[in-house]
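Numbering (the UniProt record's numbering), first residue to last: 1 to 407.
Structure below.
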């Protein structure tokens with residue numbers, strides 16, 4: 001402790017007086033600052049106390065106001081509770097009424113829906129019955145298609161099928177005697193159909209033997225190579241058939257220069273024209289026309305129109321004779337009409353004369369009425385007037401009698 005005091009004394013002794021003066025000023029300033037801070041803290045506490053007392057007053061006023069508002073709110077809540085209770089009872093009553101009406105509507109709707117469902121089920125059963133009948137028809141049709149496929153798989157039956165279809169079209173479109181089936185030509189060949197042309201022209205030949213085996217091979221081909229081979233075979237078969245028709249049925253002076261090759265299917269006809277155009281052109285050069293059922297029907301209708309025109313020309317002399325007789329009847333009618341016109345002219349002339357005489361008599365009667373007679377001389381003029389009247393009446397009667405006789 002002595003050592004420390006000694007060291008402190010030495011250190012103070014070593015400090016200069018100016019430094020000590022500065023340290024004392026600093027201590028004095030620090031003391032003043034502490035005093036100022038204490039004074040400000042006291043004033044701040046006093047202001048806080050005043051503010052706290054003011055806030056307490058405001059809080060008490062607000063609490064009183066809140067109590068008053070709470071009392072008012074309780075009164076309003078009680079009134080609203082009563083109103084809400086009344087409204088709730090009304091709402092409950094309205095809801096119950098609505099629910100009753102809705103229940104009735106739902107019940108009626110359910111009843112109608114049930115009735116409609118029964119009706120729909122009944123109609124559905126009827127339609128199912130119709131569908132069953134249609135299914136039976138489809139099954140029957142499928143069996144018929146299978147039978148048709150069996151027919152087309154056989155060459156002879158297939159030829160008979162195509163020929164019967166061609167014969168049906170020809171027989172429906174032309175009258176009896178205008179065509180013939182399986183007629184023998186001069187070279188011994190027998191075409192499927194020959195149609196007689198008007199004006200002594202050679203008949204038209206129709207062939208119905210279409211090579212369907214190669215076509216079915218094209219349809220049944222499972223690969224492009226097999227389809228190509230089948231197409232080449234079909235092209236060769238059809239070329240051979242076209243050549244046979246041209247050699248057998250195109251006879252100079254005996255048949256037409258063109259023959260028909262009948263294809264019994266529109267789809268096959270379209271496929272030939274789309275994929276085998278060279279065959280079609282070759283058939284045209286050989287004067288063979290490939291026809292489908294619709295084209296054959298159109299050609300038959302054209303031939304029917306030509307035959308009808310030929311028959312009308314054959315009956316032209318009969319028509320001319322009837323026209324001559326009609327002209328004679330018209331001449332006699334004209335003569336009789338002219339005579340009747342003369343009679344009417346004479347009757348009109350007599351009527352004009354009668355009208356002129358009546359006008360004269362009317363004027364003379366007017367003059368007689370205008371005369372003034374003396375008292376002594378009334379009898380004689382009266383007798384004269386009666387005589388004149390009798391003469392006029394007799395003349396008028398004669399005129400009427402003459403007109404009636406002339407009529």
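The C-beta atom is built at its ideal place from N, Cα and C for all residues, glycine as well. From a predicted model like this one, the values you see are computed outputs, not experimental measurements.
Report yes if the C-beta distance between residue 258 and residue 185 is below 9 Å; otherwise report no. no
C-alpha distance - residue 104 paired with residue 114, whole-angstrom precision: 15 Å
Assigned secondary structure, residue 270 (DSSP; H/G/I helix, E/B strand, else coil): helix
Return the bridge partner residues of residue 237 from the DSSP annotation. DSSP, once it has assigned bridges, lists no residue as partnering residue 237.
For residue 263, name the three-state secondary structure that DSSP assigns. coil
Distance, residue 294 Cα to residue 174 Cα: 15 Å
Can the beta-carbon of residue 198 be found less than 9 Å from the beta-carbon of residue 307? yes
Do residue 166 and residue 192 have their beta-carbon atoms positioned less than 9 Å apart in this structure? yes
Beta carbon of residue 208 nearer than 9 Å to that of residue 264: yes
Express the C-alpha separation of residue 172 and residue 213 in angstroms, rounding to a whole number. 29 Å
DSSP three-state assignment for residue 204, whether helix, strand or coil: strand
How is the alpha helix (DSSP H) around residue 278 delimited, first residue to last? 277 to 285
Which one of 75, 226, 238 and 262 has the shortest CA to CA distance from residue 168? 262
Measuring CB to CB, does residue 268 end up less than 9 Å from residue 170? no
Compute the Euclidean distance between the alpha carbons of residue 152 and residue 215, then round it to the nearest angstrom. Note that residue 152 scores 48 on pLDDT, short of 50, meaning its location in the model is unreliable and no value can be drawn from it.
Indicate whether the contact test is met: 3 or more Cβ pairs, each with one atom in the stretch 119 to 132 and one in the stretch 221 to 230, closer than 8 Å. no
Report the rounded CA-to-CA distance for residue 39 versus residue 71, giving the unit in angstroms. 48 Å
Per DSSP, residue 181 forms a beta bridge with which residues? 193
My guess is that residue 211 and residue 238 are in contact by the Cβ rule of under 8 Å, so how many angstroms apart are they, rounded? 6 Å
Residues in its own chain within less than 7 Å of residue 326 by CB, not counting five upstream and five downstream? none
What three-state label does DSSP hand residue 409 in the structure shown? No answer is possible for residue 409: the residues shown for the chain start at 1 and end at 407.
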